[in-house]
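All remarks here apply to the structure that follows.
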Ligand code: SF4
C-alpha cells in the first residue's frame with residue numbers, strides 16, 4: 012500500500028512538474044512573441060552556464076518548430092571567459108557544433124589578452140576580486156568584450172537588436188521586477204544580470220539594443236529538467252545539454268541551486284559546482300583545481316602586496332578616502348602564484364592524458380608568455396609605480412582627514 016501511494020505521489024509530482032514546465036514554456040513563447048516581433052535582429056548572450064544554455068536551446072527549438080516567428084538574423088554570442096569549468100566548456104563546444112550544423116552564426120567573445128583574468132592578476136598585479144572591491148572581473152571578462160562584439164555586429168545591421176539573456180528569477184520574477192545583479196543569489200549565472208541591465212546603456216549601444224529574459228520566471232528545477240531530460244531528445248532539438256546538468260549532479264541536480272561562473276571564483280563562498288563535478292568519477296581527476304582558491308586567498312594577504320605610504324592625493328587635489336590602502340601584488344608573489352597554477356594545470360593534464368580525458372586550459376602558452384613578459388617589464392596597475400612599501404611594513408597612521416599619527420616606537424618597528 013505504502014509502495015503504491017509513493018508511486019502515485021511520484022506520478023502526481025512528475026505530472027505537476029510537467030504541467031508547470033509546459034506553462035513555463037508557454038509564458039516564454041508569449042514573451043518572445045510580444046517583444047521579438049518588434050526586432051528584426053536577435054542576439055543571444057550565452058556563457059555555457061545552465062540558465063543561458065537552457066535559454067539558447069529552448070529559443071532555437073521554438074524557432075525550429077515554428078512556435079515563434081524567426082527574426083531576420085540571429086547571432087549567438089558565446090562569452091568565453093577562459094575561466095569556464097571544464098565540463099561546461101566541453102558541453103559548450105559540442106553545442107557550438109550543433110549550432111553551426113543548423114547554420115546559426117556563433118561569435119566567440121573573449122577579452123583581449125591583457126584584460127583576461129589570469130593575465131590581469133598575474134601580469135599586471137591587480138589582486139583577485141573579493142566581495143569588498145568592485146567586481147572588475149565581470150565587467151572586464153564578460154561585459155566589455157560583449158559590448159564590443161555587439162557594437163561590431165550592429166555596425167553591419169540596420170535597425171535594432173534584441174539581446175536575449177538567461178536572467179532567471181524563478182517565482183520571485185512575478186512579484187519582484189528588479190533584476191538581481193549579484194551572481195550569488197538564487198543560483199543565478201554570473202554576468203547575465205549585467206548583460207540584462209548594463210548592455211543597453213553601454214556607450215555605442217544605447218538606443219539600439221533592448222534586452223529580454225524569456226526564462227525570467229523559470230524555477231531552477233525547470234532548468235535542470237529541460238537540460239537533462241527534454242533538450243537531449245530529438246523532438247526537442249537533440250542538444251548536448253545533459254552534460255551541463257550532469258556536471259551539477261545529474262538527476263540529483265534538481266535539488267542543487269548552484270550558481271555558475273568561473274572555475275574557483277574568488278567571490279563564491281564555496282565551490283558547490285566544482286565539488287559536485289568532482290563527485291563524478293569521470294571528472295575526479297580535476298581535484299587539483301580545488302587548490303586554486305588558496306592561491307587567490309594568499310595573494311590578498313599583506314606580505315604579497317604593496318601599500319600606499321602617506322597621504323594619497325587624487326587628481327582633483329582631494330585626499331583619497333582610503334589612505335594607506337593595500338594595492339597590487341608583488342612581482343615575486345605573482346611568479347610564485349604562476350608556478351603554482353601551472354603546477355596544478357600540469358598535474359591535471361598528466362592524469363587527463365593517462366585517462367584519455369579532456370585537458371584543462373587554464374593558462375595557455377601565449378598567456379604564460381605574456382604574464383612573464385609583463386612581470387619582467389615590472390608592470391603595475393595605474394596609480395602605482397612599484398616603489399611603494401610592502402603592505403606589512405609598519406607605517407605612521409594616516410587618517411581619512413589627512414591627520415597623521417606617527418609610529419610610537421619607530422626604532423622597534425624599523426629595527
Ligand atoms: S564568476 Fe566570479 S570570477 Fe568569474 S566573472 Fe563572475 S564574479 Fe568574477
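In my numbering, the protein residues as written are 12 to 426. All C-beta atoms, glycine included, are put in the ideal place defined by N, C-alpha and C. Keep in mind the model is a prediction, meaning the values are calculated, not measured.
Original post:
Could you give the residue range of the alpha helix (DSSP H) that holds residue 206?
Top reply: Here the question's residue 206 lines up with position 195 in the chain shown. Looking at the DSSP string, the run of the alpha helix (DSSP H) that includes residue 206 is 203-209.
Original post:
Can you tell me whether DSSP reads residue 94 as helix, strand or coil?
Top reply: Here residue 94 refers to the residue found at position 83 when the chain shown is read from its first residue. In the structure shown, residue 94 sits in coil (DSSP, three-state: anything other than H, G, I, E or B).
**OP:** Find the nearest neighbour of residue 318 within the set 229, 153, 281 and 405, judged by alpha-carbon distance.
**Re:** Position 307 of the chain shown, counting from 1, holds the residue named residue 318. If we check each option's Cα against that of residue 318, 405 comes out closest.
Original post:
In the structure shown, what three-state DSSP assignment does residue 335 receive?
Top reply: As a first step, residue 335 must be located in the chain shown, where it is residue number 324. The answer is coil: DSSP assigns residue 335 none of H, G, I, E or B.
Original post:
Going by beta carbon distance, what residues of the same chain come within less than 6 Å of residue 351, once the five residues before and after it are set aside?
Top reply: Start at 1 with the first residue of the chain shown, and residue 351 comes out as number 340. So the list reads 306, once near-sequence residues are dropped.
Original post:
Which residue spans inside the stretch 93-126 form an unbroken beta strand (DSSP E) run of at least 3?
Top reply: 116-120
Subject >> Nearest neighbour of residue 393, chosen from 338, 356, 403 and 236 [CA to CA] >> reply: Counting from one through the chain shown, the residue named residue 393 turns up at place 382. Cα-wise, what sits closest to residue 393 is 338.
**OP:** Have a look at residue 360 and residue 287 and give me their C-alpha separation to the nearest angstrom.
**Re:** Taking the chain shown and counting its residues from 1, one reaches residue 360 at position 349. Taking the chain shown and counting its residues from 1, one reaches residue 287 at position 276. Roughly 20 Å between the two C-alpha positions.
**OP:** Check the C-beta distance from residue 232 over to residue 149 and give it rounded, since I have them as a contact under 8 Å.
**Re:** Within the chain shown, residue 232 is the residue found at index 221, counting from 1. Within the chain shown, residue 149 is the residue found at index 138, counting from 1. Not confirmed; about 26 Å, so no contact.
Subject >> Through-space distance from residue 326 to residue 92, alpha-carbon basis >> reply: Working through the chain shown from its first residue, we reach residue 92 at position 81. Working through the chain shown from its first residue, we reach residue 326 at position 315. Rounded to the nearest angstrom, the two C-alpha atoms are 33 Å apart.
Subject >> Simplified DSSP assignment, three categories, for residue 54 >> reply: The sequence position of residue 54 within the chain shown is 43, counting from 1. Residue state, collapsed to three classes: strand.
**OP:** Give me the Cβ distance between residue 275 and residue 304, rounded to the nearest whole Å; I'm assuming they're in contact under 8 Å.
**Re:** On the chain shown, position 264 is the one that residue 275 refers to. On the chain shown, position 293 is the one that residue 304 refers to. Going by Cβ atoms, the distance from residue 275 to residue 304 rounds to 5 Å, so yes, they are a contact pair.
Original post:
From residue 395 to residue 136, what distance separates their C-alpha atoms?
Top reply: On the chain shown, residue 395 is found 384 positions in, with the first residue counted as 1. On the chain shown, residue 136 is found 125 positions in, with the first residue counted as 1. Between residue 395 and residue 136, the C-alpha separation is close to 10 Å.
Subject >> Residues near the ligand SF4, criterion Cβ-heavy atom distance below 5 Å >> reply: 148, 149, 201, 272, 273, 276 and 278
**OP:** Could you check the C-alpha separation between residue 328 and residue 335 for me, to the nearest Å?
**Re:** Position 317 of the chain shown, counted from the start, is the residue given in the question as residue 328. Position 324 of the chain shown, counted from the start, is the residue given in the question as residue 335. Straight-line Cα distance between these residues: approximately 17 Å.
Subject >> Coarse secondary structure for residue 406, derived from DSSP in three states >> reply: Indexing the chain shown from 1 puts residue 406 at position 395. Looking at residue 406 - three-state DSSP - the assignment turns out to be coil, as it is neither helix nor strand.
**OP:** Kindly list the residues whose CB is nearer than 6 Å to the CB of residue 84, restricted to its own chain and excluding five residues on each side of it in sequence; keep chain order.
**Re:** The sequence position of residue 84 within the chain shown is 73, counting from 1. Here the set comprises 52.
**OP:** Classify residue 340 as helix, strand or coil using the three-state DSSP reduction.
**Re:** Residue mapping note: residue 340 aligns to position 329 of the chain shown, counting from 1. Annotated three-state conformation of residue 340 is strand, per DSSP.
Subject >> Where residue 231 falls: helix, strand or coil (DSSP) >> reply: Indexing the chain shown from 1 puts residue 231 at position 220. Residue 231 falls in the helix class under three-state DSSP.
Original post:
What does residue 416 pair with, by DSSP beta-bridge criteria?
Top reply: Locating residue 416 in the chain shown gives position 405, where the first residue counts as 1. Answer is 408, bridged to residue 416.
Original post:
What are the boundary residues of the beta strand (DSSP E) that residue 175 is part of?
Top reply: Your numbering for residue 175 matches position 164 in the chain shown. Here the beta strand (DSSP E) through residue 175 covers 172-175.
Subject >> Rounded Cβ spacing between residue 86 and residue 54 (contact assumed at less than 8 Å) >> reply: The count along the chain shown starts at 1 and reaches residue 86 at position 75. The count along the chain shown starts at 1 and reaches residue 54 at position 43. About 5 Å separates the two Cβ atoms, so the contact holds.
Original post:
Across which residues does DSSP place residue 88 in a beta bridge pair?
Top reply: Along the chain shown, read from residue 1 onward, the residue named residue 88 stands at position 77. Bridge partners of residue 88: 56 and 118.
Subject >> At least three beta-carbon pairs within less than 8 Å, the stretch 88-102 to the stretch 339-348 >> reply: No, because fewer than three Cβ pairs between the stretch 88-102 and the stretch 339-348 fall closer than 8 Å, the two stretches do not touch.
Original post:
Among 112, 321, 250 and 366, which one has its Cα closest to the Cα of residue 415?
Top reply: In the chain shown, the residue the question calls residue 415 occupies position 404. Out of 112, 321, 250 and 366, 321 has the C-alpha closest to the C-alpha of residue 415.
**OP:** Please report the Cβ distance between residue 223 and residue 216, rounded to the nearest whole angstrom; I am assuming they are in contact, meaning their Cβ atoms lie under 8 Å.
**Re:** Position 212 of the chain shown holds residue 223. Position 205 of the chain shown holds residue 216. Contact doesn't hold; Cβ gap of about 15 Å is too wide.
Original post:
Relative to the C-alpha of residue 353, which residue among 369, 292 and 373 is closest?
Top reply: Residue mapping note: residue 353 aligns to position 342 of the chain shown, counting from 1. Nearest option by C-alpha distance: 373.
Original post:
Can residue 403 and residue 313 be called in contact, C-beta distance under 8 Å?
Top reply: As a first step, residue 403 is located in the chain shown; it is residue number 392 there, counting from the start. As a first step, residue 313 is located in the chain shown; it is residue number 302 there, counting from the start. A contact, by the Cβ cut-off of 8 Å.
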